[in-house]
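Q:
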Amino acid sequence: MTSVAKTLWPLNTPGGHHQIPAIGFGTYTISDRATILKVLDVALGAGYRLIDTAAVYHNEHYIKDALKVLLPKYGLSRKDIFITSKLDPRDHGDEKTVGAAVQRALDNLGTDYLDLFLIHWPGTGRISAKSPDNVKLRNCTWKALMKIHDNGNGPLKNIGVSNYTTKHIKEILADPTNIVPAVNQVEFHPYYQQSAEFHKTCRDAKILLQAYCSMGGSAGKNSLLNDPVVNIIAQKHSTSAAQVLLRWGFQRKYAIIPKSTTPERIRLNIDVDFELDTQDMESINNIKHVEKFAWQPEDVV
Ligand SMILES: NC(=O)c1ccc[n+]([C@@H]2O[C@H](COP(=O)([O-])OP(=O)(O)OC[C@H]3O[C@@H](n4cnc5c(N)ncnc54)[C@H](OP(=O)(O)O)[C@@H]3O)[C@@H](O)[C@H]2O)c1
3 MTSVAKTLWP LNTPGGHHQI PAIGFGTYTI SDRATILKVL DVALGAGYRL
53 IDTAAVYHNE HYIKDALKVL LPKYGLSRKD IFITSKLDPR DHGDEKTVGA
103 AVQRALDNLG TDYLDLFLIH WPGTGRISAK SPDNVKLRNC TWKALMKIHD
153 NGNGPLKNIG VSNYTTKHIK EILADPTNIV PAVNQVEFHP YYQQSAEFHK
203 TCRDAKILLQ AYCSMGGSAG KNSLLNDPVV NIIAQKHSTS AAQVLLRWGF
253 QRKYAIIPKS TTPERIRLNI DVDFELDTQD MESINNIKHV EKFAWQPEDV
303 V
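Position 234 (the sequence shown) corresponds to 236 in my numbering; numbering is contiguous.
(1) Which ranges would you report for the alpha helix (DSSP H) in the segment 49 to 116 if only whole runs of at least 4 residues count?
(2) If residue 33 sits next to residue 61, beta carbons under 8 Å apart, how far is it from one beta carbon to the other, in whole angstroms?
(3) Is the Cβ-Cβ distance between residue 248 and residue 231 less than 8 Å?
(4) Helix, strand or coil for residue 266 per DSSP?
(5) Can you tell which of 72, 107, 298, 159 has its C-alpha closest to the C-alpha of residue 89?
(6) For residue 230, which three-state DSSP category applies?
(7) State the beta-bridge partners of residue 119 as determined by DSSP.
(8) What do you reckon, is the C-beta of residue 220 under 7 Å from a heavy atom of ligand 1?
(9) Using 8 Å as the threshold, is the segment 234 to 247 in touch with the segment 268 to 283, meaning 3 or more CB pairs across them?
(10) Touching or not, the segment 96 to 106 and the segment 66 to 75, by the rule of three or more beta carbon pairs under 8 Å?
(11) Confirm, please, whether the CB-CB distance from residue 121 to residue 148 is below 8 Å.
(12) May I ask you to list the residues that DSSP assigns as paired with residue 194?
(13) State the DSSP-derived secondary structure class of residue 299, mapped to helix, strand or coil.
(14) Should the segment 20 to 30 be regarded as contacting the segment 48 to 57, the criterion being three or more beta carbon pairs within less than 8 Å?
(15) Leaving out the 5 sequence neighbours to the left and right, which residues in its chain are closer than 7 Å to residue 282 when beta-carbon positions are compared?
(16) What residues in its chain sit with their C-beta under 8 Å from that of residue 135, if we drop five residues either side in the sequence?
(17) Give the secondary structure of residue 200 by DSSP, where H, G and I count as helix, E and B as strand, and everything else as coil.
(18) Ligand 1 and residue 122: does the residue's C-beta get closer than 7 Å to at least one heavy atom of that ligand?
(19) In this structure, what does DSSP give as the bridge partners for residue 11?
(20) From the DSSP output, in three-state form, read off residue 276 for me.
(21) Measuring CB atoms only, is the segment 205 to 219 touching the segment 35 to 49, in the sense that at least three cross pairs come out at less than 8 Å?
(22) For residue 210, which residues does DSSP report across the bridge?
(23) Would you say the segment 257 to 265 touches the segment 152 to 171, given that touching needs at least three Cβ pairs under 8 Å?
(24) Using a Cβ-Cβ cut-off of 6 Å (strictly less than) and excluding sequence neighbours within five positions of residue 305, which residues of its own chain qualify?
(25) In chain order, what residues of the same chain have a beta carbon less than 7 Å from the beta carbon of residue 31, not counting five sequence neighbours either side?
(26) According to DSSP, simplified to helix, strand and coil, what is residue 251?
(27) In this structure, what does DSSP give as the bridge partners for residue 156?
(28) Spatial neighbours of residue 131 within its chain, please: CB distance less than 8 Å, with the 5 preceding and 5 following residues excluded, ordered by chain position.
(29) Taking the alpha helix (DSSP H) that residue 34 falls in, what are its first and last residues?
(30) Taking 7 Å as the cut-off, is the CB of residue 54 close to at least one heavy atom of ligand 1?
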């Protein structure tokens, strides 16, 4: 069986780095220096090679400082790790605005390139979700990112989107002068499985889906981790509900980015080399309970 820690999913950016680790480490809500150093130490030691951050997580500069210490500790160099960051929703706009935001991410992270840079949100900060200006602004941002990406020659090796619904994705695909986003990072777990149309649109366009909130998010809600179907399957495999949820996302061919500040959980979350059989997968696919843990992009015009 291929180890999840060593699995790379293909990416479809022209001229880009064509692979992304199937599992990465999420850093949302981890915004102090000491905790970032502690969790990245455990994560790199456990085999994570992708770090997921964003301007709005306010931890990019702590990640830079931690990597200065930790890459040599683990005999790694910059090219051995995959760093994703995301555009602050307030920075949608023209090349000047987006270029300055990209430069800030590069400076904060102390690197001259990012493996992946995502539009964090289809809407613009401080503008109503219902405003048609959102359409104009996010399309302007995408054009600016394409220019900065420069067919893989610029400092962004892959560009993509996050929280794009079918409507937002179709908008990008409708313009033949656009390149197709390499990744769409979205909420995806048994309680929020996204629509068949969404899956088909992304699959047909070869957009890799990356799941967040795989274990129910960081707000301390335990409904998903306590789900009876997931827990019966966990017992069957002598594993935990968290590991079943992550393995399910992986077997659905999503990239996954679990977050934890607990060393033992960080190690367990990447230790998911067991197989869910067809019946396990079907049982989880058929969970009917719907619960969304993060923001709702369907509202963004
Ligand atoms: N693009 C977006 O809009 C967006 C939105 C949300 C998240 N994300 C990204 O996706 C990453 C993951 O999402 P998330 O952080 O919201 O949620 P998540 O990974 O589903 O869950 C994190 C929560 O689960 C707990 N946990 C972790 N491992 C566990 C285990 N083995 N057993 C029991 N509980 C466990 C963590 O607690 P402890 O920390 O206390 O261990 C934490 O509270 C984020 O960190 C971020 O990088 C992106």
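Glycine included, C-beta positions come from ideal geometry on N, C-alpha and C.
A: Answer, in terms of the structure:
(1) With a minimum length of 4 residues, the continuous alpha helix (DSSP H) runs that stay inside the segment 49 to 116 are 62 to 75, 97 to 111.
(2) Between residue 33 and residue 61, the beta carbon gap of about 5 Å places them in contact (Cβ cut-off 8 Å).
(3) Cβ distance not < 8 Å, so residue 248 and residue 231 don't count as in contact.
(4) It is helical.
(5) That would be 107, whose Cα lies nearest to the Cα of residue 89.
(6) In this structure, residue 230 counts as helix in the three-state DSSP scheme.
(7) Answer is 87, 161, bridged to residue 119.
(8) Because some heavy atom of ligand 1 lies under 7 Å away, the Cβ of residue 220 counts as near it: yes.
(9) Yes: the two stretches touch, three or more of their Cβ pairs being nearer than 8 Å.
(10) Judged by Cβ distances under 8 Å, the segment 96 to 106 makes no contact with the segment 66 to 75, as fewer than three pairs qualify.
(11) No, the pair does not count as a contact, with Cβ atoms beyond the cut-off.
(12) 191.
(13) In the three-state reduction of the DSSP assignment, residue 299 falls in the helix class.
(14) Taking 8 Å as the limit for Cβ pairs, the verdict is that the segment 48 to 57 does touch the segment 20 to 30.
(15) Setting aside the 5 residues that flank it on each side, residue 282 is surrounded in the same chain by 235, each with a C-beta closer than 7 Å to its C-beta; the list follows chain order.
(16) Closer than 8 Å at Cβ, skipping near neighbours: 126, 129.
(17) Note: residue 200 maps to helix in three-state DSSP.
(18) In this structure, residue 122 has its beta carbon less than 7 Å from a heavy atom of ligand 1.
(19) DSSP lists 22 as partners of residue 11.
(20) The answer is coil: DSSP assigns residue 276 none of H, G, I, E or B.
(21) No: fewer than three Cβ pairs fall under 8 Å.
(22) According to DSSP, residue pairing for residue 210 in a beta bridge involves 185.
(23) Contact between the segment 257 to 265 and the segment 152 to 171 is absent, because fewer than three Cβ pairs lie under 8 Å.
(24) Residue 305 lies beyond the residue range present for the chain, which begins at 3 and ends at 303; the question has no answer from this structure.
(25) Excluding sequence neighbours, residue 31 sits near 220.
(26) Judged by DSSP in its simplified three-state form, residue 251 adopts helix.
(27) None; residue 156 has no bridge partner.
(28) So the list reads 125, 301, 302, 303, once near-sequence residues are dropped.
(29) Here residue 34 belongs to no alpha helix (DSSP H), and DSSP marks it neither H nor E.
(30) Indeed, a heavy atom of ligand 1 lies less than 7 Å from the Cβ.
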